[in-house]
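Visitor: The following block contains the structure, expressed as structure tokens.
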Amino acid sequence: MLLAEDAGRSSGKVLAGLEVALKPGWQFYHEKPGEYGVAPKFDWSESRNVKAVYLHWPPPKEFRYSVNPPVITRGYIDSFIIPANFTVSARDAETEIQVHLEYAVCNEFCIVDEVRLSMAQFADVKIARRYAEKIRIMISSAGDEKPSAIPAASR
Numbered sequence: 436m437l438l439a440e441d442a443g444r445s446s447g448k449v450l451a452g453l454e455v456a457l458k459p460g461w462q463f464y465h466e467k468p469g470e471y472g473v474a475p476k477f478d479w480s481e482s483r484n485v486k487a488v489y490l491h492w493p494p495p496k497e498f499r500y501s502v503n504p505p506v507i508t509r510g511y512i513d514s515f516i517i518p519a520n521f522t523v524s525a526r527d528a529e530t531e532i533q534v535h536l537e538y539a540v541c542n543e544f545c546i547v548d549e550v551r552l553s554m555a556q557f558a559d560v561k562i563a564r565r566y567a568e569k570i571r572i573m574i575s576s577a578g579d580e581k582p583s584a585i586p587a588a589s590r
């Protein structure tokens with residue numbers, strides 16, 4: 436996870452991103468993966484001081500497979516970032532973002548896996564600020580696509 440902007444104390448919002456780096460030839464599915472894809476599941480319930488999470492999915496690529504009938508899935512290859520806005524519950528409290536992510540990656544076969552990630556909001560702001568502009572550009576280039584609202588306690 437990348438902390439892009441540490442604004443929680445002033446605005447009640449934190450801008451971050453989930454960076455996914457894939458080996459060549461592998462695919463990670465979009466939240467709307469198509470009929471045969473596997474959508475990732477996010478569980479933010481172990482986060483502290485997080486009221487809501489909004490994911491801004493980048494536009495996915497379509498993958499067409501020549502089988503009968505043809506199969507189309509949506510997702511990503513290479514490396515990409517899923518920008519996220521976090522709304523904090525209390526501006527003056529320390530925030531820790533934790534996510535349990537269940538996902539599938541596919542090549543000639545699929546692997547279903549899970550990972551737990553965490554990040555303290557005020558950890559290392561100097562390093563993380565370099566991501567802020569990149570993530571803002573990604574959010575604005577998402578067009579009319581609405582962010583996915585995910586209550587912190589849902590799965």
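For the sequence shown, this note's numbering gives the first residue as 436, with consecutive numbering after it.
Even for Gly, the Cβ is constructed at its ideal location relative to N, Cα and C.
Since the structure is predicted, the reported quantities are computational estimates derived from the model, not experimental observations.
1. So for Val449, helix, strand or coil by DSSP?
2. Provide the residue span of the beta strand (DSSP E) that contains His535, from first to last.
3. With respect to the beta strand (DSSP E) encompassing Ile512, which residues constitute its N-terminal and C-terminal limits?
4. Using the Cα positions of Trp492 and Tyr464, report the straight-line distance between them to the nearest angstrom.
5. Quick check on DSSP: helix, strand or coil for Ser553?
6. Tell me whether the beta-carbon of Pro495 lies closer than 8 Å to the beta-carbon of Tyr471.
Guide: For this structure:
1. strand
2. 531–541
3. Careful: Ile512 lies outside any beta strand (DSSP E) and carries neither H nor E.
4. 11 Å
5. strand
6. no
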